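In the order they appear, the protein sequences are chains A and B.
Numbering (the working numbering) for the first sequence: 1 to 151.
Numbering (the working numbering) for the second sequence: 1 to 431.
By construction, the Cβ of each residue, glycine as well, lies at the ideal position given by its N, Cα and C atoms.
Treat the numbers as computed from the prediction; the structure is a model and nothing was measured.
First the structure, in the form of structure tokens, and then the observations on it.
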Amino acid sequence: MKIQVLFGTESGNAEMAAEDIAASVRDGGQEVEIHDLSDFSISELQHDPVYVFICSTYGEGDLPNTALPFFADLSIVGPDLSGMRYAIFGLGDTFYTETYSQGATKLDDKLRALGAERIGEFGRYDASTWEPVGEKAVEWFSGVLTELAVH
Amino acid sequence: MNSTVSIAIVGSGPAGCYTAQGLRKALPNAQITIYDRLASPFGLVRYGVAPDHQNTKSIQAQFARLFERENVRFAGNLEVGSDVSLKELRSLHNIVVLATGLSRDRALGICGEGLPEVYGAGRLTRLFNAHPLQTVGMPRLGESVAIIGGGNVSIDVLRLLAKQPADFANTDIDDAALAEYMQSPVRHIDFICRSSVANAPSDPVMLAELGRIPGVAFSCLDPFSVPDDASRIAGARAKAIETLLETRGGPDTRVEVSFHFGHAPIQILGDGHVCGVELAATGSQGATNVVVADSVVTAVGFDFDEDDWHGLGPIQANATTGQLGNGLYRTGWVKRGSRGTIAANRACAKSVTEEILRDLPTLDMSTKPGHAGIPWQALAHAVDYDAWKRLDIAESGAAAEGRTRKKFPSHERMVAIANNHLAGALGASEN
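This is the structure we're talking about:
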């Protein structure tokens with residue numbers, strides 16, 4: 001089962017978390033690909049069994065700039081994503097009380113509205129905890145894998 | 001061809017580190033060295049980002065991977081211009097990328113700027129961050145300070161001056177600088193921003209954060225409103241300021257902050273010493289008003305040196321290209337000017353990396369010695385990444401109660417600890 005890890009990042013931290021998840025999947029002997037959402041077309045969304053989105057928040061609760069074209073394509077084209085399964089992990093900082101992790105929430109809302117099915121818990125990382133983001137992301141994803149095995 | 005390409009990046013702040021990331025991905029076999037005049041990596045993240053913004057500084061963990069996993073070499077305590085000339089550096093590497101940032105506080109260009117109590121914001125943030133080359137100490141601010149400039153750096157300065165020692169828990173603020181400042185902390189701060197509330201260059205969350213400092217009262221004499229069709233960020237900024245204004249200071253008020261949005265400084269007043277700032281509402285002719293001040297902190301950005309920089313002549317911001325010559329590039333603030341957050345340097349580094357990759361066929365790709373060709377006298381005192389880790393551990397170990405680390409404010413001492421040349425016990429003396 002190939003896992004597609006897709007990241008949307010402004011500062012590079014979501015990319016780092018995505019790389020750590022990909023490395024842990026590879027170490028577990030599974031096939032994995034990693035892509036920047038800025039280089040990923042929505043037409044490729046139905047080819048693989050599971051997509052893992054790692055997405056930060058920027059500005060006033062927006063998606064990072066690099067993920068905006070992907071998000072806009074989803075909104076404009078409105079593809080039928082029923083049958084697509086995904087997991088999502090949002091990076092944020094509770095220092096930004098009102099907009100905390102809103103970027104990933106917007107992406108999650110959009111994917112579900114288009115019929116995709118979320119697997120596992122919505123992962124959230126809070127930079128105010130000062131915990132290493134990569135470790136937290138890998139920890140979260142092992143929970144998702146358990147959930148996937150059940151399905 | 002790429003197996004031998006040798007790359008020098010000058011400056012290990014966000015601009016340099018993001019560029020190293022991009023070049024490493026594109027050229028897995030390239031020999032990449034990041035040179036820095038300091039003994040520590042990470043530049044402005046370590047010495048410009050305010051010490052009470054540790055979340056922002058945590059991006060260091062991302063950049064550290066370059067040196068720990070991505071086979072990028074750190075060469076600290078090597079200054080281009082004194083240890084090695086730019087010309088020499090270019091002869092030793094196929095590609096040189098300047099990512100030096102800008103450190104000179106931009107001038108206001110108004111009368112009175114030369115008065116002794118007018119200080120640049122960079123000096124204050126460097127002092128509170130224990131910058132080892134900031135040798136001039138804590139300025140005398142007096143009772144009232146006027147901060148000129150409305151961006152995030154101005155708000156950093158305001159916040160650092162308004163806080164009490166107890167508000168710096170879990171930071172790496174320089175305690176010596178803080179103690180010096182606390183001998184006579186300011187009581188009144190005038191915050192002067194040329195732009196209206198709607199168009200101000202600050203992040204709303206930076207303003208909102210000011211409301212969490214105990215003992216500060218805010219006022220704004222001029223009524224402000226934000227048009228209904230203003231951007232979301234303008235609305236959020238107005239809301240943040242309104243919330244601050246509702247925080248009426250009680251008997252515990254230590255510091256009063258007066259906001260002056262939409263006002264430009266006309267001149268700094270004073271005969272030999274600062275006594276105030278004359279302001280005019282932006283766009284209006286005639287009527288001016290005066291705020292009384294004992295000192296002025298300017299925070300209107302950072303500027304290029306006017307001098308002939310390493311034989312390149314005076315350089316200006318360039319939005320379109322990072323190329324300065326064959327195999328010579330620039331990125332970050334030294335390319336675009338002092339605008340944007342840390343993350344903006346990632347996009348900038350991407351565009352410069354693409355430019356370099358496009359130019360590769362036209363560059364001199366003969367085998368170059370790279371870092372190994374640096375004069376031995378300079379290499380002998382250079383600080384590599386392992387040496388920096390020694391210093392890093394020493395800093396963490398020396399942290400006082402309630403501090404994340406103790407930065408040593410002396411360059412020589414940093415180098416000595418890093419390179420294990422310290423005579424006497426570690427931490428035996430303060431500097």
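Under 8 Å, Cβ to Cβ, is there at least one residue of chain B near tryptophan 140 of chain A? Along the first sequence, read from residue 1 onward, the residue named residue 140 of chain A stands at position 140. Judged by the 8 Å Cβ criterion, tryptophan 140 of chain A is not in contact with chain B.
Assumed close pair cysteine 193 of chain B, histidine 260 of chain B - CB separation to whole angstroms, cut-off 8 Å:
If you number the second sequence from 1, residue 193 of chain B lands on position 193. If you number the second sequence from 1, residue 260 of chain B lands on position 260. Contact between cysteine 193 of chain B and histidine 260 of chain B is confirmed by a C-beta separation of about 7 Å, below the 8 Å threshold.
Item checked: Whole-angstrom C-beta distance between glycine 215 of chain B and arginine 254 of chain B, which should lie under 8 Å -> Residue numbering aside, residue 254 of chain B sits at position 254 when the second sequence is read from its first letter. Residue numbering aside, residue 215 of chain B sits at position 215 when the second sequence is read from its first letter. Between glycine 215 of chain B and arginine 254 of chain B the Cβ distance is about 4 Å, and since that is below 8 Å, they are a contact.
* **Cβ distance (whole Å) where isoleucine 342 of chain B is taken to contact isoleucine 59 of chain B below 8 Å** => As a working mapping, residue 342 of chain B is identified with position 342 in the second sequence. As a working mapping, residue 59 of chain B is identified with position 59 in the second sequence. About 6 Å separates the CB atoms of isoleucine 342 of chain B and isoleucine 59 of chain B; that is less than 8 Å, so the two are in contact.
### Message
Less than 8 Å between the beta carbons of phenylalanine 141 of chain A and isoleucine 88 of chain A, yes or no?
### Response
Within the first sequence, numbered from 1, the residue matching residue 141 of chain A stands at position 141. Within the first sequence, numbered from 1, the residue matching residue 88 of chain A stands at position 88. No; because the gap between Cβ atoms is not below 8 Å, this pair is not in contact.
### Task
Identify the continuous beta strand (DSSP E) that holds alanine 382 of chain B and give its terminal residues.
Within the second sequence, the letter at position 382 stands for residue 382 of chain B. No beta strand (DSSP E) holds alanine 382 of chain B; DSSP gives it neither H nor E.
CB-CB under 6 Å to alanine 349 of chain B, same chain, minus the five flanking residues each way: which ones, in chain order? Working through the second sequence from its first residue, we reach residue 349 of chain B at position 349. Within the same chain, alanine 349 of chain B has close Cβ partners Tyr18, Thr19, Gly22, Thr331.
Query raised in the report: Quick one: which chain B residues come within Cβ less than 7 Å of proline 132 of chain A?
Result: Here residue 132 of chain A refers to the residue found at position 132 when the first sequence is read from its first residue. Ordered by position in chain B, the residues that pass the 7 Å Cβ test against proline 132 of chain A are Ala61.
What is the C-beta distance between valine 274 of chain B and valine 296 of chain B, in whole angstroms, given that I count them as a contact (C-beta under 8 Å)? Position 274 of the second sequence, counted from the first residue, corresponds to residue 274 of chain B. Position 296 of the second sequence, counted from the first residue, corresponds to residue 296 of chain B. Right, the Cβ-Cβ distance comes to about 6 Å (below 8 Å), so this counts as a contact.
Q. What do you get for alanine 107 of chain B, buried or exposed, if any count of 16 or more other CB atoms within 10 angstroms of its CB means buried?
A. Here the question's residue 107 of chain B lines up with position 107 in the second sequence. So alanine 107 of chain B ends up on the exposed side.
Quiz item: Among A:Ile54, A:Phe71, A:Arg112, which residue has its Cα nearest to the Cα of phenylalanine 153 of chain A?
Solution: The question about residue 153 of chain A has no answer, for chain A in this structure spans 1 to 151.
message: Residues of the segment 53-77 of chain B in Cβ contact with chain A at a cutoff of 8 Å, in chain order, please.
response: Residues are counted here when their Cβ sits less than 8 Å from a Cβ of chain A; for the segment 53-77 of chain B these are Gln54, Asn55, Ser58, Ile59, Ala61, Gln62, Arg65, given in chain order.
Using a Cβ cut-off of 7 Å, which residues of the segment 200-229 of chain B contact any Cβ in chain A, in chain order?
-> The residues in question are Val205.
Original post:
Between the segment 232-259 of chain B and chain A, which residues of the former have CB atoms less than 7 Å from a CB of the latter, in chain order?
Top reply: In summary, the residues of the segment 232-259 of chain B whose CB is separated from some CB of chain A by less than 7 Å are Arg232, Ile233, Ala236, in the order they occur in the chain.
According to DSSP, which residues form a beta bridge with leucine 86 of chain B?
Working through the second sequence from its first residue, we reach residue 86 of chain B at position 86. In the DSSP assignment, leucine 86 of chain B is bridged to no other residue.
Residues in the segment 73-99 of chain A with C-beta within 9 Å of chain B's C-beta atoms, listed in sequence order? Of all residues in the segment 73-99 of chain A, those with a C-beta nearer than 9 Å to a C-beta of chain B are Asp93, Phe95, Tyr96, Thr97, Glu98, Thr99, reading in chain order.
Can you name the residues of chain B whose CB is closer than 8 Å to the CB of serine 128 of chain A?
-> As a working mapping, residue 128 of chain A is identified with position 128 in the first sequence. Using a Cβ-Cβ cut-off of 8 Å, serine 128 of chain A is close to Asn55 of chain B, given in chain order.
With DSSP collapsed to three states, give me the class of arginine 73 of chain B.
The residue labelled residue 73 of chain B in the question sits at position 73 within the second sequence. Correct three-state label for arginine 73 of chain B: strand.
- Item | Interface partners of glycine 12 of chain A on chain B, CB under 8 Å | Taking the first sequence and counting its residues from 1, the one referred to as residue 12 of chain A is at position 12. Neighbours of glycine 12 of chain A on chain B, chain order: Tyr18, Gln21, Ile59, Gln62, Ala343, Arg346.
In angstroms, rounded to a whole number, what distance separates the CA positions of isoleucine 268 of chain B and glutamate 113 of chain B?
Start at 1 with the first residue of the second sequence, and residue 268 of chain B comes out as number 268. Start at 1 with the first residue of the second sequence, and residue 113 of chain B comes out as number 113. The alpha-carbon atoms of isoleucine 268 of chain B and glutamate 113 of chain B are separated by roughly 6 Å.
Self-check item: Option in B:Pro265, B:Ala217, B:Ser12, B:Leu244 with minimal Cα separation from arginine 65 of chain B
Solution: Numbered from its first residue, the second sequence carries residue 65 of chain B at position 65. For the set B:Pro265, B:Ala217, B:Ser12, B:Leu244, the Cα lying nearest the Cα of arginine 65 of chain B is the one of B:Ser12.
Contact set between glycine 59 of chain A and chain B, taken where Cβ atoms lie within less than 8 Å: Residue numbering aside, residue 59 of chain A sits at position 59 when the first sequence is read from its first letter. Those within 8 Å of glycine 59 of chain A in chain B are Ile233.
Exercise. Who pairs with isoleucine 192 of chain B in a beta bridge, going by DSSP?
Worked result: Working through the second sequence from its first residue, we reach residue 192 of chain B at position 192. DSSP, once it has assigned bridges, lists B:Ile148, B:His260 as partnering isoleucine 192 of chain B.
(request) State the start and end residues of the unbroken alpha helix (DSSP H) segment that holds cysteine 17 of chain B. (result) As a working mapping, residue 17 of chain B is identified with position 17 in the second sequence. Its alpha helix (DSSP H) spans residues 14-26.
Quiz prompt | Beta-carbon proximity list for threonine 66 of chain A, same chain, < 8 Å, skipping 5 on both sides | solution = For the purposes of this step, residue 66 of chain A is identified with residue 66 of the first sequence, where counting begins at 1. Hits under 8 Å: Gly8, Thr9, Glu10, Asp36, Leu37, Ser38.
Tell me the residue span of the beta strand (DSSP E) that contains serine 146 of chain A. Locating residue 146 of chain A in the first sequence gives position 146, where the first residue counts as 1. For clarity, residue 146 of chain A is threonine in the given sequence; the question names serine instead. It is not in any beta strand (DSSP E) - threonine 146 of chain A instead sits in the alpha helix (DSSP H) that spans 133-150.
Go through the segment 159-233 of chain B residue by residue and report every complete run of the alpha helix (DSSP H) that reaches 4 residues or more, in order. Counting only runs of 4+ residues, the alpha helix (DSSP H) found wholly inside the segment 159-233 of chain B occupies 175-182, 204-210, in chain order.
Subject >> is_contact[methionine 16 of chain A, chain B] using C-beta, thresh 8 Å >> reply: Residue numbering aside, residue 16 of chain A sits at position 16 when the first sequence is read from its first letter. By this cut-off, methionine 16 of chain A is an interface position.
- Under 8 Å, do leucine 124 of chain B and leucine 102 of chain B count as touching if we go by C-beta distance? Position 124 of the second sequence holds residue 124 of chain B. Position 102 of the second sequence holds residue 102 of chain B. In this structure, leucine 102 of chain B does not lie closer than 8 Å to leucine 124 of chain B by Cβ.
Cβ neighbour criterion (16 or more within 10 Å) applied to alanine 17 of chain A:
Against the first sequence, residue 17 of chain A aligns to sequence position 17. Around the CB of alanine 17 of chain A, 16 or more other CB atoms lie within 10 Å, so the residue is classed as buried.
task: Have a look at threonine 404 of chain B and alanine 281 of chain B and give me their C-alpha separation to the nearest angstrom.
output: Here residue 404 of chain B refers to the residue found at position 404 when the second sequence is read from its first residue. Here residue 281 of chain B refers to the residue found at position 281 when the second sequence is read from its first residue. Put simply, the backbone Cα of threonine 404 of chain B is about 43 Å away from that of alanine 281 of chain B.
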